[in-house]
Amino acid sequence: YSPKLKDNIFPPSTAELQSNKATLVCLSSQSVAFAHVTWLAAGSPLSTGISTSTAVQQPDQTFQISSYLSIQTSDWNTDQVYTCQVSVGSQTSEKNINKSACPTEQQ
Numbered sequence: 001y002s003p004k005l006k007d008n009i010f011p012p013s014t015a016e017l018q019s020n021k022a023t024l025v026c027l028s029s030q031s032v033a034f035a036h037v038t039w040l041a042a043g044s045p046l047s048t049g050i051s052t053s054t055a056v057q058q059p060d061q062t063f064q065i066s067s068y069l070s071i072q073t074s075d076w077n078t079d080q081v082y083t084c085q086v087s088v089g090s091q092t093s094e095k096n097i098n099k100s101a102c103p104t105e106q107q
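Going letter by letter, the sequence shown gives residues 1 to 107 in UniProt numbering.
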């Protein structure tokens, strides 16, 4: 048995990028209530600016965890690559995001 695990990462909103702060959102869906979320910038683990919710059970019996990473808009504009890494047991799912990989209206 291996727990189902999938995660998605979302860029800061255009409105938010007008300010100096930007928030990246990582949504993780897995078949167990506990998952470990790690954020990385250019491959190095981050320890500040992270807010992760507790798991919320969905109608389909999966659990969803939301994790938010607060960054400086200037870091986003330098095309820094951010990674949301979600681990459940021995499984790990990773999603990367950076400015140039997003649709142009996000820039």
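Beta carbons are placed, not taken as given, at the ideal position from N, Cα and C, and that holds for glycine.
Inter-residue Cα distance where the pair is residue i and residue j
{"i": "residue 6", "j": "residue 58", "result": "14 Å"}
{"i": "residue 41", "j": "residue 4", "result": "26 Å"}
{"i": "residue 16", "j": "residue 91", "result": "33 Å"}
{"i": "residue 50", "j": "residue 9", "result": "14 Å"}
{"i": "residue 26", "j": "residue 74", "result": "20 Å"}
{"i": "residue 106", "j": "residue 76", "result": "Because residue 106 sits at a pLDDT of 45, beneath the cut-off of 50, its placement in the model cannot be relied upon, and the following sentence gives the value as read from the coordinates. Approximately 11 Å, taken between the alpha carbons."}
Cβ-Cβ distance between residue i and residue j below 8 Å
{"i": "residue 65", "j": "residue 52", "result": "yes"}
Member of the options whose CA lies at the smallest distance from the CA of residue i
{"i": "residue 33", "options": "44, 54, 97, 82", "result": "54"}
{"i": "residue 31", "options": "11, 103, 61", "result": "61"}
{"i": "residue 28", "options": "39, 18, 100", "result": "39"}
{"i": "residue 45", "options": "83, 96, 22", "result": "83"}
For residue j and residue i, believed in contact at Cβ under 8 Å, the rounded distance
{"i": "residue 35", "j": "residue 81", "result": "The pair is not a contact, with the Cβ atoms about 22 Å apart (cut-off 8 Å)."}
Next item on the list: Return the chain-ordered ranges of every alpha helix (DSSP H) run that is complete within the stretch 33 to 86 and spans a minimum of 4 residues.
Entry: Scanning the stretch 33 to 86 for uninterrupted alpha helix (DSSP H) segments of 4 residues or longer gives 73 to 77, listed from N- to C-terminal end.
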